[in-house]
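Engineer:
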């Protein structure tokens, strides 16, 4: 039953194999399509409903009114005035984010987009708060 | 011989997580041990009370990194039971698939850790390299390697496509071959036999008495598995064997885990080949009906129990998690007794401990600002006083 050096043959075979690891960062890591990376924001689509803010488990998203608002459309003659579409900014705290992408699923207007971006380390904490306009 | 008490941990090279074992030594032999928990307490159960059900999903996932799917599935089964949601069959099948892939990855990881602890580092390197295959499967299906986040209240978040099925089957076929090799290695290699046979003995009656669960109990010959005893998800429709072993030692635990891998591959094949058609989730309202629910789940390490109490709002009133390591730690102090000091890391590793799972309860004295340990008498006194404040007198009982 007991055979000494049972693993020897396997070890010898491994001497002639390619390494199982890859030389990251010189070689790009393979990322799957479904990978949940940094969340991107598409401001024109946002309606400011704050659903993503409420659903976020890590309190990583802030949606605020933009400092510069687009001008109201010109009032057509005989028509009631059309209210201007409000523009929103997104502050994404990457240091809080747990990358669950629940906000992307919850957003009713698809204003939040999941990207495959994973190289997010930074030397300053301030740079981890992204301001999307 | 004089007795010496030495601390093993909380910081120790052999322990992957902070935990303290006070070992009473007589020479090289251990005559007694005390386990102190609480170095990894993160207050998750309390945190869960201030988050909504959907937010809790991602919090509960982080109870443990290895069995993240086990914890969310148990939690979500409770929520769905209270909400009386009918989860589609396809969603249940995908949950079962992820659960079994998770078991494969956890058991392969354990095999590597055991190899490392017994000084057989070749085994460690091989199993961890092969484990990448199953992690790739999980990444392919869910998007991430560790926190899959596949569950959502009422179903799953992502569907399985035909190409993904083929890819997973290809990788599982490769792993089946490798596992057969590891089983042969475990049974024939003298290093493994010498290092694990008769180490950390746990007779069946002691395992029962101390409430051992999972592979630890099954290696002592106790046929206990939630998947068989009380089938959840799709386990009642799957064909698999309950693996037990009767050597009651670390070797038995190794064999049980290796053979369970084969059963898991069988189940993965069955689920993928008979994946039911239909929707993958149903809509569940944010507010959950009031009530209580308890569910158990066979996590890779053993039985995981979740208790949930809802008060009709969108946040739970109470969530309690009993992780498998908590149940198995009682047995560890028995297994250590009479053994050698050099075997301690291997015996502890043999239950596949996950301390971050276990440490969610500790007694903290706010006034003094330090940790307090309560004995049975003190706890009883505290309980009586607590009720006295509320106008109920138990002191005469």
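Chains as they are written, first to last, in the numbering used here: chain A, 2 to 134; chain B, 100 to 496. Note that the Cβ used here is the ideal one computed from N, Cα and C, for glycine as well.
(1) Tell me, to the nearest whole angstrom, how far the beta carbon of residue 271 (chain B) is from that of residue 152 (chain B); I am working on the premise that it is less than 8 Å.
(2) Could you have a look at residue 460 (chain B) and say whether DSSP puts it in helix, strand or coil?
(3) Starting from residue 90 (chain A), trace the alpha helix (DSSP H) in both directions and tell me its first and last residue.
(4) Give me the Cβ distance between residue 342 (chain B) and residue 353 (chain B), rounded to the nearest whole Å; I'm assuming they're in contact under 8 Å.
(5) For residue 351 (chain B), return the contacting residues in chain A, with the cut-off set at a CB-CB distance below 8 Å.
(6) My output table needs one value for residue 49 (chain A): the three-state DSSP class, helix, strand or coil.
(7) When DSSP labels each residue in this structure, what does residue 272 (chain B) get in the three-state scheme?
(8) Check for me: the beta strand (DSSP E) holding residue 421 (chain B) runs from which residue to which?
(9) Residues of chain B with a CB under 7 Å from the CB of residue 101 (chain A): which are they?
(10) Going by beta carbon distance, what residues of the same chain come within less than 6 Å of residue 460 (chain B), once the five residues before and after it are set aside?
(11) Looking at the strands, I want to know which residues DSSP matches up with residue 408 (chain B).
(12) Taking C-beta pairs closer than 8 Å, name the residues in chain B that residue 21 (chain A) reaches, listed in chain order.
(13) Looking only at its own chain, which residues have a Cβ that is under 6 Å from the Cβ of residue 347 (chain B), when we skip the five neighbours before and after it?
(14) Answer with buried or exposed for residue 90 (chain B), where buried requires no fewer than 16 other C-beta atoms within 10 angstroms of its C-beta.
(15) Classify residue 190 (chain B) as buried or exposed, calling it buried when 16 or more other Cβ atoms lie within 10 Å of its own Cβ.
(16) What three-state label does DSSP hand residue 226 (chain B) in the structure shown?
(17) Quick one: give me the first and last residue of the beta strand (DSSP E) that residue 248 (chain B) is part of.
(18) Within the 7 Å Cβ cut-off, does residue 58 (chain A) reach chain B?
(19) So, at 8 Å on beta carbons, what are the nonlocal neighbours of residue 128 (chain B) in its own chain, with the 5 sequence-adjacent residues on each side left out?
(20) Check residue 331 (chain B) in the structure and name its three-state DSSP category.
(21) CB-CB under 7 Å to residue 389 (chain B), same chain, minus the five flanking residues each way: which ones, in chain order?
(22) By the three-class DSSP mapping on this structure, what secondary structure does residue 402 (chain B) have?
(23) Indicate the three-state DSSP secondary structure (helix, strand or coil) for residue 116 (chain A) in the structure shown.
(24) Starting from residue 241 (chain B), find everything on chain A with Cβ-Cβ shorter than 8 Å and list it in chain order.
(25) Where does residue 128 (chain B) fall in DSSP's three states?
(26) Whose C-beta lies closer than 6 Å to the C-beta of residue 351 (chain B) among residues of the same chain, with five residues either side of it excluded?
(27) For residue 289 (chain B), name the three-state secondary structure that DSSP assigns.
(28) I'd like to know if residue 221 (chain B) contacts chain A, where contact means its C-beta is closer than 7 Å to some C-beta of that chain.
(29) Which residue or residues does DSSP assign as beta-bridge partners of residue 345 (chain B)?
Structural biologist: In this structure, then:
(1) No, residue 271 (chain B) and residue 152 (chain B) are not in contact; Cβ-Cβ is about 33 Å, not under 8 Å.
(2) Low confidence applies here, because residue 460 (chain B) scores a pLDDT of 43, under 50, leaving its location unreliable and the question unanswered by this model.
(3) For residue 90 (chain A), no alpha helix (DSSP H) encloses it; the enclosing beta strand (DSSP E) starts and ends at 89-94.
(4) Actually they do not touch by this definition, with Cβ atoms about 12 Å apart.
(5) Going along chain A, no residue has its Cβ under 8 Å from residue 351 (chain B), so there is no contact; the nearest lies around 16 Å.
(6) Residue 49 (chain A) falls in the coil class under three-state DSSP.
(7) Reduced to three states, the DSSP call for residue 272 (chain B) is helix.
(8) Segment 415-421, the beta strand (DSSP E) holding residue 421 (chain B).
(9) Neighbours of residue 101 (chain A) in chain B, taken as residues whose beta carbon is under 7 Å from its own, are 157, 248 in chain order.
(10) Confidence in residue 460 (chain B) is poor, its pLDDT being 43 and thus under 50, which makes the residue's placement unreliable; the coordinate value appears in the next sentence. Nothing meets the Cβ criterion.
(11) When beta bridges are read from the DSSP output, residue 408 (chain B) appears opposite B:391, B:417.
(12) Against chain B, the beta carbon of residue 21 (chain A) has neighbours under 8 Å at 228, 231, listed in chain order.
(13) If we look at residue 347 (chain B) and ignore the five residues flanking it on each side, its Cβ neighbours are 300, 301, 302, 319.
(14) Chain B is shown only over 100 to 496; residue 90 (chain B) falls outside these bounds and no answer can be derived.
(15) The residue is buried, with at least 16 neighbouring Cβ atoms inside 10 Å.
(16) In the three-state reduction of the DSSP assignment, residue 226 (chain B) falls in the helix class.
(17) Premise fails: residue 248 (chain B) is in no beta strand (DSSP E) and is neither H nor E.
(18) By this cut-off, residue 58 (chain A) is an interface position.
(19) Excluding residues within five positions, the ones whose Cβ falls inside 8 Å are 437, 438, 439, 440.
(20) Residue 331 (chain B) falls in the coil class under three-state DSSP.
(21) For residue 389 (chain B), where only same-chain residues beyond five positions count, the Cβ hits under 7 Å are 409, 410, 411.
(22) Look at residue 402 (chain B) here: in three-state DSSP terms it is strand.
(23) DSSP places residue 116 (chain A) in coil when its eight states are reduced to three.
(24) What residue 241 (chain B) touches in chain A: 35.
(25) Residue 128 (chain B): strand per DSSP, three-state reduction.
(26) Counting only Cβ-Cβ distances below 6 Å, and skipping sequence neighbours, we find 318, 344.
(27) Three-state result, residue 289 (chain B): helix.
(28) At least one chain A Cβ lies under 7 Å of residue 221 (chain B).
(29) For residue 345 (chain B), which the question treats as bridged, DSSP gives no partner whatsoever.
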